[in-house]
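The sequence shown begins at 0 in numbering that gives the first Met the number 0 and counts up by one.
In this text, a Cβ means the ideal position worked out from N, Cα and C, and glycines have one as well.
A quick write-up on the structure given underneath.
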Amino acid sequence: MNPPSLLESSVLNVARYLVEGYYKNEKNKLPRELSNEVFRMVNRKRCVLGEEKQKELDETLEQILLPSKMYFIAECEKDISLVGNQRIEELGIEIAFNFGRNVRNDDGPPNKKPRTESQVFSTDIVSLLSNNLTPESQEFLQILDLSSDQLFGARFKNGWADPMSRLLPSLTTLKLESNSIDDDAFMDICLNFPGLMVLDISRTHVMSLTGIEELTGLYDLSIGGMYLEDIDEMYKLPFLKILRMRCRSRESNMMDSLKPFVHSDKTLRSLELFDCSNSGINNQSLRKIEARHPTLTKIFATGNPLTGYVPDNSKVKVILDDTFVACFNALQYYEKVSHQAGTIDILETISDKLEEPVEEFEERWPQNLIRALHQMIPKHEGDRRMARLISSCCSGLVCDEILEVLEDGDKRVLIESFLRIIECHEQNERMSWLWDDMNMVIEITQNPQTDRIYSVALNYFSLTDNEDIKNSCLETLNNLLDKIDLQSDFYKKLDQKKLLIKMKKVLPDISNFGEVIEELIRLFESNNKSP
């Protein structure tokens, strides 16, 4: 297993220290690449901090970071205030459903809660950007991502394209997925942003691509999850190399959205990459598209009812998920190119497959998957959805068929993955399952890292009042009690006084593991008395 890169290790450590309140007096600026990665990781956690802690963290971030790219989820204008002192070239803002909707009811008493307006609300996106971007950022911003992960995204005030094009003269990438964009707004985009090279209008209200021929330099177009009635002008784009008709995982069959493209007799003469993931496309339809486009080199087709699809052109690489090996290869690729949606879809597919009896073990995919998941945990720390999927896959690997083919080294990595997940993420209902699954692996593993496991279990036991999690921790403590060494460095950060108080408090209520608690109390009291 390859170790994390120096950049990945640096980012992880700096991000953790920042969230813990360090570097408050640091004046040196981090370089741009490191600043971008640190902000990406810290931003996941700053959103859930209390107001005072977030304010302190933001002040530190302004002191030491020089990011060129920043992404936010905004419920109000204040949520993107950090962008105001930076010169950035890439900005992402997901406009939350309740952005700007809470208004004070002046007719009621002063302490009455804000009332939410029921009418359709439009966001003044141009004012939002002009109020918060520095003049330099306005001049040099190249990438604007306003995509939404919500079912209903933002609705922008009419006529926004013209003033935005004057505000952001260097814009080359515009992403609007899942926002309320209709045919008129799309035409305005095409007329006002002729220099766009990347455009994403997936899952919007656009029904016709009329006007798109104005975007003569466009090379990357996303139109997934839409029922387009007219796509003819798309074939007039001379440099279109990437076409994404990707739909969202778990959506109903979206094959109808591909029909105009499948049955067309026209060709995109420069097309190199076609993404039809989760669209419901079948072998026959995909082969029609491939035959019309001899320039194709890559097809993303995960999440589809394709079985053993082999392209007619040997130069075409097809990313599938019909086998575990194909899933692992797809996961590696999506991670390599930082394709978050693809990674999420593949993890969901792997998790689903692991719920069924496993019979294929080609190319050591279980061993390789364990190591891939292990490396993903710190990389995606703070991302709750990713954490849930990674933990689900780790739990799915704990079955007799897979455990039988694993060596002790593989099992130790799987155990460490469970420990990392437990350490990185807040208590939730899945934690008791994680402990139970990890205990199963520990029982059949030679020489597990006992004190590492035990220190995590003790720490988690001291923090939780959840009975299910507490009992799962106690089972771990019971199974490994005779193998621990309290002089190990793993116990140095443990608050032993707090732990002793907790154990003495819960001892009268512990029925199954009372002897374990009593022995631990004795050991820690003896350890604290030692010179």
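Assigned exposure category for residue i - 16 Cβ within 10 Å defines buried
i: Pro66; result: buried
i: Ser4; result: exposed
i: Ile345; result: buried
i: Pro447; result: buried
i: Val125; result: buried
i: Lys68; result: buried
i: Tyr490; result: buried
i: Ile376; result: buried
i: Arg245; result: buried
i: Asp181; result: exposed
i: Leu418; result: buried
i: Lys469; result: buried
i: Arg384; result: exposed
i: Gly107; result: The pLDDT assigned to Gly107 is 43, lower than 50, so where the model puts this residue is not dependable, and the model offers no usable value.
i: Cys545; result: This structure leaves residue 545 out entirely; the chain is present only between 0 and 530.
i: Pro507; result: exposed
i: Gln366; result: buried
i: Trp364; result: buried
i: Glu50; result: exposed
i: Lys501; result: buried
i: Glu400; result: exposed
Residues near residue i by beta carbon distance below 8 Å, same chain, minus five either side
i: Thr475; result: Trp434, Met437, Asn438, Ile441, Ile452, Tyr453, Ala456
i: Leu532; result: Outside the displayed span of the chain (0 to 530) sits residue 532, for which this structure offers no information.
i: Lys497; result: Ser461
i: Asn27; result: Ile63
i: His292; result: Thr266, Leu267, Leu270, Phe273
Of the listed residues the options, nearest to residue i (C-alpha basis)
i: Phe512; options: Lys482, Gln486, Phe460; result: Phe460
i: Glu138; options: Leu167, Arg202, Met253, Thr322; result: Leu167
i: Lys504; options: Leu493, Lys492, Ile520, Asp494; result: Ile520
i: Thr463; options: Glu135, Asp481, Met430; result: Met430
i: Ala290; options: Asn277, Asn281, Pro310; result: Pro310
i: Phe98; options: Glu74, Pro365, Phe120, Leu17; result: Glu74
i: Phe323; options: Glu415, Lys352, Ile87, Ser263; result: Lys352
i: Leu499; options: Ser276, Asn527, Asp488; result: Asn527
i: Glu354; options: Leu330, Ser391, Leu319; result: Ser391
i: His379; options: His292, Ser394, Ser416, Pro507; result: Ser416
i: Lys371; options: Ala340, Thr294, Tyr333; result: First, the amino acid is wrong: residue 371 is Ala here, not Lys. For the residues Ala340, Thr294, Tyr333, the minimum Cα distance to Ala371 belongs to Tyr333.
i: Glu518; options: Asn477, Leu127, Val82, Lys501; result: Asn477
i: Ser510; options: Ser350, Asp57, Gln149, Glu466; result: Glu466
i: Asn312; options: Leu127, Ser179, Leu285, Ser337; result: Leu285
i: Leu127; options: Val82, Val315, Glu25, Leu330; result: Val82
Spatial neighbours of residue i in its chain, beta-carbon cut-off 7 Å, leaving aside the 5 residues before and after
i: Glu347; result: Ser248, Leu388
i: Asp123; result: Lys156
i: Gly194; result: Thr171, Gly216
i: Cys189; result: Gly210, Ile211, Glu213, Leu214
i: Val317; result: Ile298, Ala300, Tyr308, Pro310
i: Glu135; result: Arg86
i: Val10; result: Leu33, Glu36, Val37, Met40
i: Ser394; result: Trp432, Leu433, Asp436
i: Asn458; result: Leu493
Own chain, CB closer than 6 Å to residue i, minus 5 neighbours either side, in chain order
i: Leu6; result: none
i: Val13; result: Val37
i: Asn191; result: Ala160, Asp161, Ser164
i: Ile369; result: Asp409, Val412, Leu413
i: Gly91; result: Tyr70, Asp144
i: Ser471; result: Ser431, Trp434, Asp435
i: Asn110; result: Note on Asn110: pLDDT 44, under 50, position unreliable in the model; the coordinate value appears next. Cβ within range, chain order: n/a, list empty.
i: Asp488; result: none
i: Leu48; result: none
8 Å Cβ cutoff met for residue i and residue j
i: Lys43; j: Asp382; result: Checking the sequence, you will find Arg at residue 43 rather than Lys. Their beta carbons are under 8 Å apart, which means Arg43 touches Asp382 by this criterion.
i: Cys326; j: Ala386; result: no
i: Thr296; j: Glu271; result: yes
i: Ser146; j: Lys174; result: yes
i: Leu479; j: Val515; result: no
i: Ser201; j: Met225; result: yes
i: Ala299; j: Asp274; result: Sequence check: residue 299 is Phe here, not Ala. The answer is yes: Cβ separation under 8 Å.
i: Asn303; j: Ser263; result: no
i: Phe120; j: Arg154; result: yes
i: Leu305; j: Asn328; result: no
i: Ile94; j: Gly152; result: yes
i: Leu522; j: Leu485; result: yes
i: Ile63; j: Tyr16; result: no
i: Glu55; j: Gly20; result: yes
i: Thr449; j: Ile483; result: yes
Below-8 Å beta-carbon distance, residue i vs any chain D residue
i: Ser164; result: Absence of chain D from the displayed structure is noted, only one protein chain being present.
Below 8 Å, can you find three or more Cβ-Cβ pairs linking the segment 237–244 to the segment 219–227?
-> A contact exists between the segment 237–244 and the segment 219–227.
Does the segment 226–236 come within contact of the segment 262–270, defined as at least 3 CB pairs closer than 8 Å?
-> Segments in contact, yes.
Do three or more CB pairs link the segment 391–410 to the segment 359–373 at distances below 8 Å?
-> Of all C-beta pairs linking the segment 391–410 to the segment 359–373, three or more are shorter than 8 Å, placing the two stretches in contact.
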